[in-house]
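Numbering (this note's numbering), first residue to last: 15 to 150.
We treat Cβ as the ideally placed atom computed from N, Cα and C, and that holds for glycine.
Values in this document were obtained by computation on a predicted structure and should not be read as measured data.
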């Protein structure tokens, strides 16, 4: 099912079907820019170019480059210095939404939280003992 949306690039309305996130006119313009970037990166001397160099040489925006890497159109295995910012710290990453450092930090925080939770539960279970009184 499609819905009417504003194009984030030009502001015009377009029928959003889930395939493209911009209108047809902006999509065609993005495709032209992609061809320019891809031709630039296919040259042997440009394969190791970083984001800043690509922006400088082709005139494409960083946001558009990040979008293409996230969607898998520019693959980090072919172009090792191309990536996008981590959603948490902003460091360049090539996979997922978080860089390896942020993933490790979250994993460690979760392990610490689980250990604290288990400790609290053990204390609660220990303190639930049954008390008997000797009343007659």
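For residue i, which of helix, strand or coil comes out of DSSP?
| i | result |
| --- | --- |
| residue 19 | strand |
| residue 106 | strand |
How should residue i be labelled, buried or exposed, when 16 other C-beta atoms within 10 angstroms of its C-beta is the threshold for buried?
| i | result |
| --- | --- |
| residue 138 | exposed |
| residue 37 | buried |
| residue 103 | exposed |
| residue 107 | buried |
| residue 120 | exposed |
| residue 33 | exposed |
| residue 24 | exposed |
| residue 28 | buried |
| residue 79 | buried |
Report back the beta-carbon spacing between residue i and residue j to the nearest angstrom; my notes put them in contact at under 8 Å.
| i | j | result |
| --- | --- | --- |
| residue 105 | residue 118 | The Cβ separation is near 12 Å, so there is no contact. |
| residue 31 | residue 16 | 5 Å |
| residue 100 | residue 112 | 5 Å |
Check your understanding: Any contact of the segment 85-96 with the segment 56-64, i.e. 3+ C-beta pairs under 8 Å?
Key -> yes
Review point. Are the segment 64-76 and the segment 42-50 touching by the rule of at least three beta carbon pairs closer than 8 Å?
Key: yes
Point to revise | Continuous alpha helix (DSSP H) assignments of at least 4 residues falling wholly in the segment 63-138 | key: 65-72 and 76-85
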